């Protein structure tokens, strides 16, 4: 884990309140694993005391690390005002991300909204192509799809209102994929909790391994404050795990949903 002051390369609007921020942080990009995150401190805002966690979207060979975020609160609205050249305090990479894709299974990525960003490195580093099922409320919530397609992945889209792809939830498409692949599928999921729980249930139902990235409030990011604990079943015993340090990725059978 590194703590550095780095320079913002760009911080540009993408669409519908989503913003892409790129940071020059070469010491981190070489060690990032898919599913890990960084903790960012918003500069020049003493009212925003806590850092904000963001999934790592890209970690490029030229030392540039990218995060994709949506303006949903005071912190992210403050971030969206930062200009290229601004110095920012970054801690990372943090957490335990996704494992390597199993070579004897078909990888299936399941994303809700901008959860798709946390799955890009899984697709990029996978030794085999798989399926991306991405869902959102409307077409405006669909992001990064061309990048997955350019990697050779089979991209399938659902929207709540039917403005793009299949009308409905990602689980409708996932059900069809699991009927075809069954326990030969390996699921990697990131998105809202309701979707993650539904993916977990289907993974267990079909005997498919499912790696779930939980999204809890992470105040410190290093397991010290215990603000993000999650009940996990370790060998038959329920214990509290720290999502920021022990996760955020857990195998679906270990998660105790409440």
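Numbering (my numbering), first residue to last: 1417 to 1674. C-beta atoms are modelled at their ideal positions from N, C-alpha and C, and glycine is treated no differently. These numbers come from a predicted model, not from an experiment.
Short Cβ contact (9 Å threshold) for residue i with residue j
{"i": "residue 1630", "j": "residue 1665", "result": "yes"}
{"i": "residue 1605", "j": "residue 1635", "result": "no"}
{"i": "residue 1531", "j": "residue 1607", "result": "yes"}
{"i": "residue 1529", "j": "residue 1557", "result": "yes"}
{"i": "residue 1417", "j": "residue 1559", "result": "no"}
{"i": "residue 1672", "j": "residue 1648", "result": "yes"}
{"i": "residue 1545", "j": "residue 1516", "result": "no"}
{"i": "residue 1601", "j": "residue 1519", "result": "no"}
{"i": "residue 1620", "j": "residue 1668", "result": "yes"}
Start and end residues, alpha helix (DSSP H) containing residue i
{"i": "residue 1647", "result": "Taken as a continuous stretch (DSSP letters only), residue 1647 belongs to no alpha helix (DSSP H), being part of the beta strand (DSSP E) at 1645-1650."}
{"i": "residue 1564", "result": "1561-1566"}
{"i": "residue 1539", "result": "1536-1541"}
{"i": "residue 1661", "result": "1659-1662"}
{"i": "residue 1428", "result": "Counting along the chain, residue 1428 falls outside any alpha helix (DSSP H), though it belongs to the beta strand (DSSP E) covering 1418-1431."}
{"i": "residue 1672", "result": "Neither: residue 1672 is in no alpha helix (DSSP H) and is coded neither H nor E."}
Presumed contact (8 Å Cβ cut-off) between residue i and residue j, rounded CB distance
{"i": "residue 1473", "j": "residue 1435", "result": "In fact, because the Cβ distance is near 11 Å, the residues do not count as touching under 8 Å."}
{"i": "residue 1561", "j": "residue 1550", "result": "6 Å"}
{"i": "residue 1464", "j": "residue 1508", "result": "At roughly 18 Å, the Cβ-Cβ gap does not stay under 8 Å, so residue 1464 and residue 1508 are not in contact."}
{"i": "residue 1638", "j": "residue 1656", "result": "With 8 Å as the limit, residue 1638 and residue 1656 do not qualify as a contact, their Cβ atoms being about 16 Å apart."}
Same chain, Cβ closer than 6 Å to residue i, neighbours up to 5 away in sequence not counted
{"i": "residue 1449", "result": "1513"}
{"i": "residue 1584", "result": "1574"}
{"i": "residue 1428", "result": "1436"}
{"i": "residue 1586", "result": "1526, 1549, 1551 and 1574"}
{"i": "residue 1537", "result": "1450"}
{"i": "residue 1554", "result": "1575, 1577 and 1579"}
{"i": "residue 1505", "result": "1421 and 1457"}
{"i": "residue 1492", "result": "1485"}
Span of the beta strand (DSSP E), counted from its first residue to its last, around residue i
{"i": "residue 1440", "result": "1434-1440"}
{"i": "residue 1570", "result": "1570-1575"}
{"i": "residue 1592", "result": "Looking at the DSSP string, residue 1592 is not in any beta strand (DSSP E); the run it does join, the alpha helix (DSSP H), is 1586-1597."}
{"i": "residue 1551", "result": "1547-1552"}
Spatial neighbours of residue i in its chain, beta-carbon cut-off 7 Å, leaving aside the 5 residues before and after
{"i": "residue 1662", "result": "1512"}
{"i": "residue 1599", "result": "1622, 1623 and 1624"}
{"i": "residue 1441", "result": "1420, 1422, 1479, 1481 and 1506"}
{"i": "residue 1425", "result": "1438, 1439, 1440, 1480 and 1500"}
Residue i CB to nearest heavy atom of the ligand MN below 8 Å
{"i": "residue 1478", "result": "The ligand MN is not among the ligands present in this structure, which contains no ligands whatsoever."}
So within the stretch 1606-1649, which uninterrupted beta strand (DSSP E) runs reach at least 3 residues, ignoring any that extend past its ends?
Fully enclosed beta strand (DSSP E) runs of 3 or longer: 1625-1629.
3-residue-minimum beta strand (DSSP E) runs that sit fully inside the stretch 1469-1544, ordered along the chain:
Taking only runs of at least 3 residues, the beta strand (DSSP E) segments lying wholly in the stretch 1469-1544 are 1480-1486, 1503-1510 and 1522-1528.
Which complete beta strand (DSSP E) runs does the stretch 1440-1470 hold, if anything under 3 residues is left out?
Counting only runs of 3 or more residues that sit fully inside the stretch 1440-1470, the beta strand (DSSP E) segments are 1453-1457, in chain order.
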